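Scroll down for the structure; my scribbles are underneath it.
In my numbering, the protein residues as written are 2 to 317.
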């Protein structure tokens, strides 16, 4: 893998204008990975921008350069020598225009099994806990010194995608990397407070209501619940307040699969989790145009679901 990392670095060194793009509603791994690469580009004196279709969550604004992330699609009207996609299993997940593969060289850093290794230079390590772990391996391969700021970005990504080292994707290598990042000055307890211990009173009340809606399907061995855009308005909390809720649902021992539906005005997003080794929820997500991992995946539906007689049905 070192050879492809070296080729990626050659492409970076040879480019002047570089766009970093990640998936919509960026989480700690997406932001941490993108910002770590942005810090590297900054030291190289490159002209760069960081794009996501949605603003980063407020609780991640302790990370360096995060205020430079943009949601402005005008970035696609500029000429980029290089586009670096991070934590996005496809170019559509990063909202790249269809012609970008022709207009620019694309580098693809990811760890999702549903990533088809798009782009001219791709590193998709499904054995990595996070894209941040992949980016860490990139820096190690090119012998780039990791400082405290960069370490904080990478550790944020790892903490997010491992659920604070509680998910099955946490490996011995992951723990060793986290330890090395802490040695660089990254404060794990401070990051944990930002990304996990960050719920408001209104947010906890919303969690309680969403949990009270849990329904089950014995035939599918499934427990599920939902949250609506109106719920967020009524409880006066941003969407980021429900981050971690689907992982919390996964503590249910009576059912093999759990789902959280996020219902907006004209579409619905589904997040799926399982603890079972013999179930691959990414296959279900892929069937609906989504993606993810064996035990954590998601997809979107172009319609709104509505509760009728205790069951979620498609609204006409």
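Beta carbons: idealized from backbone N, C-alpha and C, even for Gly. The model shown is predicted, which means the values in this text are computed figures rather than measured ones.
Sheet register partners of residue i (DSSP bridge)
i           : result
residue 41  : Per DSSP, none; premise fails for residue 41.
residue 70  : 51
residue 122 : 108
residue 185 : Partner(s): none; residue 185 has no beta bridge.
residue 312 : 309
Length of the line joining the Cα atoms of residue i and residue j
i           : j           : result
residue 32  : residue 68  : 11 Å
residue 77  : residue 222 : 44 Å
residue 280 : residue 295 : 7 Å
residue 264 : residue 254 : 25 Å
residue 89  : residue 217 : 31 Å
residue 34  : residue 210 : 33 Å
residue 24  : residue 163 : 18 Å
residue 207 : residue 41  : 39 Å
residue 53  : residue 28  : 11 Å
residue 232 : residue 307 : 13 Å
residue 242 : residue 144 : 38 Å
residue 290 : residue 150 : 36 Å
residue 287 : residue 4   : 31 Å
Endpoints, the beta strand (DSSP E) within which residue i is located
i           : result
residue 307 : 306-309
residue 273 : 269-275
residue 263 : 258-264
residue 192 : Careful: residue 192 lies outside any beta strand (DSSP E), inside the alpha helix (DSSP H) at 189-196.
residue 46  : That residue, residue 46, is in no beta strand (DSSP E); it is neither H nor E in DSSP.
Extent of the continuous alpha helix (DSSP H) to which residue i belongs
i           : result
residue 79  : Careful: residue 79 lies outside any alpha helix (DSSP H) and carries neither H nor E.
residue 224 : No alpha helix (DSSP H) contains residue 224, which is instead part of the beta strand (DSSP E) from 223-229.
residue 85  : Premise fails: residue 85 lies in the beta strand (DSSP E), 83-87, not in any alpha helix (DSSP H).
Three-way DSSP call (helix, strand, coil) for residue i in this model
i           : result
residue 329 : Coverage of the chain is limited to positions 2 through 317, which leaves residue 329 absent and any answer about it impossible.
residue 216 : strand
residue 23  : strand
residue 114 : coil
residue 94  : coil
residue 288 : helix
residue 103 : helix
residue 251 : coil
residue 296 : coil
residue 143 : coil
residue 34  : helix
(message) Any contact between the region 157-164 and the region 118-137? By contact I mean 3 or more CB pairs, one from each, below 8 Å.
(response) With contact defined as three or more Cβ pairs closer than 8 Å, the region 157-164 and the region 118-137 are in contact.
(request) Examine the Cβ distances between the region 34-53 and the region 169-183 and report whether three or more of them are shorter than 8 Å. (result) Not touching, per the Cβ criterion.
(request) Kindly confirm or deny that the region 244-261 and the region 222-232 touch, where touching means at least three C-beta pairs closer than 8 Å. (result) With a cut-off of 8 Å, the region 222-232 and the region 244-261 count as touching, because enough Cβ pairs lie within range.
(message) With three or more C-beta pairs closer than 8 Å as the rule, is the region 79-94 touching the region 8-25?
(response) Remark: three or more beta-carbon pairs, one from each stretch, lie closer than 8 Å, so the region 8-25 and the region 79-94 are flagged as touching.
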